[in-house]
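Worksheet: the structure to be examined is printed underneath.
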């Protein structure tokens, strides 16, 4: 009998996990996985719970159930540990970018069966200063919307909450002076609307924003948007929906495993949809650092 620690956010998405929990536990138990549960109570709680599960011993795997924010916290609780347990990911949030990129089943029954098979594959994660991310890192005004949307609004209207906030943000977009130094690239110093470091091809609900990004190639896909006006930004968003933006003159795109970004201004960082501090920042790719059931 395997032992799992399931860490879940009771408010993620539309509180689906609260409704499905008993069924999930029963199905896992029937498949030979005895599961204990921790319901998160606030910011940082999932990180502490994941670290405790690894340090305590006695568990064979950890399962994160919630949105990308819950997954981000669990990753940060496990990434520095020597005994990094295999990770299961139940996509119960609003956007579920990471789960979408990996093709993780949206139906809880299907994902239970996948975890029961115990087939975990290694993948890359990123490190930004002293924090970790698994899907996306970025900076600039538009990247702030994911952690500015109130959780109650996300619970009520789901993905629409991000679109609503995005329209509000685009009206007041302002460029930031950035210096970008990346392995294998010339130094970039210019005004940018935003920069994104993608570890997968699913970013903010867009599955064509970084179409060439792969979770296990040891590289990030980097996108930076040069200074542009509102009309140009709307045009770029339209192109990105079709995956036709990478050749635009306003877009800089390259791959790297190491990058430094600095700015004379105050630029906040977005790590997997959560506030991740401010610039300056160093970003490193940690290849095949974690195993995930997928």
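Numbering (full-length UniProt numbering), first residue to last: 1 to 294. We put the CB at the ideal spot given by N, CA and C, even for glycine. As the structure is a prediction and not an experimental result, all values here were calculated from the model.
Decide if residue i is buried, meaning its Cβ has at least 16 other Cβ atoms within 10 Å, or exposed.
| i | result |
| --- | --- |
| residue 122 | exposed |
| residue 19 | exposed |
| residue 69 | buried |
| residue 245 | buried |
| residue 184 | exposed |
| residue 238 | exposed |
| residue 41 | exposed |
| residue 131 | buried |
| residue 81 | exposed |
| residue 78 | buried |
| residue 290 | buried |
| residue 124 | buried |
| residue 62 | buried |
| residue 165 | With a pLDDT of 49 at residue 165, under the threshold of 50, the modelled position of this residue cannot be trusted; read the value that follows with caution. The residue is buried, with at least 16 neighbouring Cβ atoms inside 10 Å. |
| residue 187 | exposed |
| residue 270 | buried |
| residue 55 | exposed |
| residue 160 | Annotation note: pLDDT 42 at residue 160 (below 50); position unreliable, no value reported. |
| residue 234 | exposed |
| residue 285 | buried |
| residue 139 | buried |
Judging by CA-CA distance, which residue of the options is the nearest neighbour of residue i?
| i | options | result |
| --- | --- | --- |
| residue 66 | 12, 98, 108 | 12 |
| residue 92 | 105, 83, 82, 84 | 105 |
| residue 17 | 192, 108, 102 | 108 |
| residue 43 | 73, 278, 187, 116 | 73 |
| residue 27 | 53, 52, 113 | 113 |
| residue 38 | 102, 49, 265 | 49 |
| residue 211 | 231, 247, 189, 129 | 247 |
| residue 243 | 1, 201, 94 | 201 |
| residue 99 | 134, 119, 78, 127 | 134 |
| residue 268 | 236, 175, 189 | 175 |
| residue 60 | 294, 213, 36, 271 | 36 |
| residue 295 | 33, 254, 293, 229 | This structure gives no information on residue 295, because the portion of the chain shown stretches from 1 to 294. |
| residue 116 | 127, 179, 29, 219 | 29 |
| residue 173 | 179, 187, 193, 188 | 193 |
| residue 257 | 231, 228, 222 | 222 |
| residue 347 | 14, 24, 224 | Within the shown structure, residues of the chain are numbered from 1 to 294, placing residue 347 beyond reach of any answer. |
| residue 137 | 111, 195, 103, 249 | 195 |
| residue 282 | 262, 140, 220, 292 | 262 |
| residue 273 | 85, 33, 197, 8 | 197 |
| residue 287 | 226, 216, 2, 235 | 216 |
| residue 206 | 235, 45, 101 | 101 |
| residue 90 | 76, 84, 71 | 71 |
| residue 280 | 129, 229, 230 | 129 |
Specify the secondary structure class of residue i as computed by DSSP and reduced to three states.
| i | result |
| --- | --- |
| residue 173 | coil |
| residue 238 | helix |
| residue 190 | strand |
| residue 46 | helix |
| residue 213 | coil |
| residue 244 | coil |
| residue 198 | strand |
| residue 290 | strand |
| residue 276 | strand |
| residue 219 | coil |
| residue 159 | Summary for residue 159: the model assigns pLDDT 45, below 50, so the residue's position carries little reliability; its value from the coordinates is reported in the next sentence. Looking at residue 159 - three-state DSSP - the assignment turns out to be coil, as it is neither helix nor strand. |
From the DSSP output, which residues share a beta bridge with residue i?
| i | result |
| --- | --- |
| residue 261 | 180, 281 |
| residue 302 | No information on residue 302 is available, as it lies outside the stretch 1 to 294 that the chain covers here. |
| residue 270 | 138, 275 |
| residue 250 | DSSP, once it has assigned bridges, lists no residue as partnering residue 250. |
| residue 255 | 221 |
Segments assigned beta strand (DSSP E), at least 3 residues, entirely inside the UniProt domain "DAGKc" (1 to 132): 2 to 8, 33 to 39, 61 to 66, 87 to 91, 120 to 128
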